[in-house]
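Read top to bottom, the protein sequences are chains A and B.
With this note's numbering applied, the first sequence corresponds to residues 1 to 217, in that order.
With this note's numbering applied, the second sequence corresponds to residues 218 to 447, in that order.
So the structure is just underneath, and the comments pick up after that.
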Amino acid sequence: MATGEEVKVLGYWSSPYALRVKWALKLKAVEFDYMEEDLTNKSALLLQLNPVHKKIPVLLHNGKPVAESLVIMEYVDETWKQNPLLPQHPHQRAIARFWAKFVDEKEGEEQEKAAKEAREHLKTLESGLEEGKPFFGGESIGFVDIAAAWIGVWGEITGEIVGIKLVDEEAMPLLTACFQAVLQTPLLKECLPPRAELLEHSKRFRQKLMAAAAAST
Amino acid sequence: MAEKGEEMKLLATWFSPFAYRVIWVLKMKGIEYEYVEEDLGNKSPLLLQSNPVHKKVPVLIHNGKPLAESLVIVQYLDNICKSSPVLPDDPYQRAMALFWSNFVEEKFTENIKKVLVLGGEEQAAGAKGAEAALATLEAQLAKKKSKFFGGESIGLVDIALGYISVWLEEIEEVGGIKVFDSEKFPCLAKWMQDFLEIPTVKENHPNKADLIPYLRYLRQVGPAVAFQHG
């Protein structure tokens, strides 16, 4: 980190959105302080830095806050030029933004929607990959890979709980391979939340959702 | 831009606020393009091929390469054509612009769609959400103290929200719920007037009177058919 450069990330251990930010910074070898938020008791700092949504992740760079994981990723890409996440070519940049938005719109709903529908969206996402290129970013991990690869872990966990394989090697061979490659990258793997805890957390979260749904019928 | 041999095509519909975001930016930047009207009840093979994921308009096809999602297209145009910039150069200012245009889509646009096509509690929730979003945007604009969200000239956030200066009244009329109160939102009220005064916008928008019957039709057919643009 350059002298006087302050980079902080406010996150939550099980949040795939916080994971994206950690991955982006790690890939660019940017040092940062990570602050774990208690989402049941949000810090004054979080409320001050993201008054509009009061959500993590938030990036704080030299006192300036940036919220929303994809917005943070673009900011990180523009501020630290090494290992670019977005392609150089304008059309490819736009395609990357398109797919990242798709992941956010569709996979953000994953918990609530039927697993079947989530599978369909993943099949669509598969169409964004090219045979012979391991990543959405081409030869190296890029913007969409960072935005989407968490699905490889979270999908597996959801699959275990509901009994449907979300990321199916047969139906989505390219996507499966891409996610595997990203998740096995040591630098990124070490940021992943512990699987057993994530499984427990997801089970509890689903129970809460089902209880809430039952209570409202 | 769009010199000889360059092909720029826009697949759109005359009543789509999302299409107009792209039209306004194309015109402001002086980019020549061919406009293709789509019949959403009978989508062209070109549309289905160019936007297989969402099958929606607008779609921009530049030298045969298609792009979808209005705000992604706007960013693309800003990338390839430097005149009349829509996004600032400074990364932090850009991040702020992206944040607020996302806010417009998620918190306002998604809710105003509900006001247009839904009824009962869902519509009421949409109206409440849209109003809350406007309140936040009003506070943001008041804080900025500039003519537009983008400063003295329009930027991405203005382009994202600007459609309300033409479409909002009609949506309120057809939906039967008022969401905008110029006494509650004086900065936005002035901003809407200023936005509509911009020559590119003034000369390029659907006739308000024509919108009403079409919006009524959308309300009738319901969400599945109505939301075929983005």
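Note that beta-carbon positions come from the ideal geometry of N, C-alpha and C, so glycine has one too.
Annotation: B:GLU390 to B:TYR434 spans about 13 Å, alpha carbon to alpha carbon.
In the displayed model, A:LEU39 falls within coil according to three-state DSSP, outside both helix and strand. Listed along chain B are TYR309, each with a C-beta nearer than 7 Å to that of A:LYS64.
Within chain A, the residues GLU68, LEU70, VAL71 have their CB atoms less than 9 Å from the CB of B:ASN319, given in chain order.
Note that the C-beta distance between B:VAL418 and B:GLY379 is below 8 Å. No residue range can be given for A:MET172, since it is assigned to no alpha helix (DSSP H) and is classified by DSSP as neither H nor E.
A contact between stretches requires three or more CB pairs, one per stretch, nearer than 8 Å, and the segment 22-40 of chain A meets this requirement with the segment 73-82 of chain A.
Ranking A:LYS55, A:PHE205, A:VAL66, A:SER43 by CA distance to the CA of A:TRP154 puts A:PHE205 first. Unbroken alpha helix (DSSP H) stretches of 4 residues or longer found wholly inside the segment 300-333 of chain B: 308-320, given in chain order. Here the alpha carbons of B:LEU264 and B:PHE444 stand approximately 15 Å from one another. The shortest C-alpha to C-alpha distance from B:VAL383 to any of B:MET409, B:SER399, B:CYS404, B:LYS395 is the one to B:MET409.
Excluding the 5 residues flanking it on each side, A:ALA24 has same chain C-beta neighbours closer than 8 Å at ILE72, MET73, VAL76, ASP77, LEU85, ILE146, in chain order. Straight through space, the alpha carbons of A:PHE102 and A:ARG119 are spaced by roughly 14 Å.
Nearest neighbour of A:SER69 by Cα position, chosen from A:ALA100, A:HIS121, A:ALA94, A:VAL52, turns out to be A:ALA100. Look at A:GLU78: its C-beta is under 8 Å from a C-beta on chain B.
Burial is judged here by how many other beta carbons sit within 10 angstroms of a residue's own beta carbon; B:ALA352 has fewer than 16 and is exposed.
B:GLY372 carries a coil assignment under DSSP once its states are collapsed to helix, strand and coil. With respect to the C-alpha of B:GLU355, the residue from B:LEU284, B:GLN340, B:ASN259, B:ASP375 having the closest C-alpha is B:ASP375.
In the three-state DSSP reduction, B:ASP256 falls in the coil class, being neither helix nor strand.
B:PRO302 and B:LEU373 have their C-alpha atoms roughly 9 Å apart.
Within its own chain, the residues whose Cβ lies closer than 6 Å to the Cβ of A:ALA148, once the five positions on either side in sequence are excluded, are VAL103, listed in chain order. Distances from the CA of A:HIS91 to each of B:GLN437, B:ALA285, B:TYR309 were compared; the closest alpha carbon is that of B:ALA285. Residue-level contact by beta carbon holds for A:GLU74 and chain B, with a gap shorter than 8 Å. Contact annotation: B:LYS226 and B:SER300 have beta-carbon atoms that are not nearer than 8 Å. When the Cα atoms are used, B:LEU333 and A:CYS191 turn out to be separated by approximately 44 Å. Note that the C-beta distance between A:VAL21 and A:HIS61 is not below 8 Å.
Rounded to the nearest angstrom, the Cβ distance from B:PRO275 to B:SER287 is 6 Å, consistent with a contact under 8 Å. Around the Cβ of A:VAL9, a 10 Å sphere holds 16 or more other Cβ atoms; the residue is buried. Proximity of chain B to A:PHE98 at the Cβ level (cut-off 9 Å) is accounted for by VAL270, LEU284, ALA285, GLU286, VAL289, in chain order.
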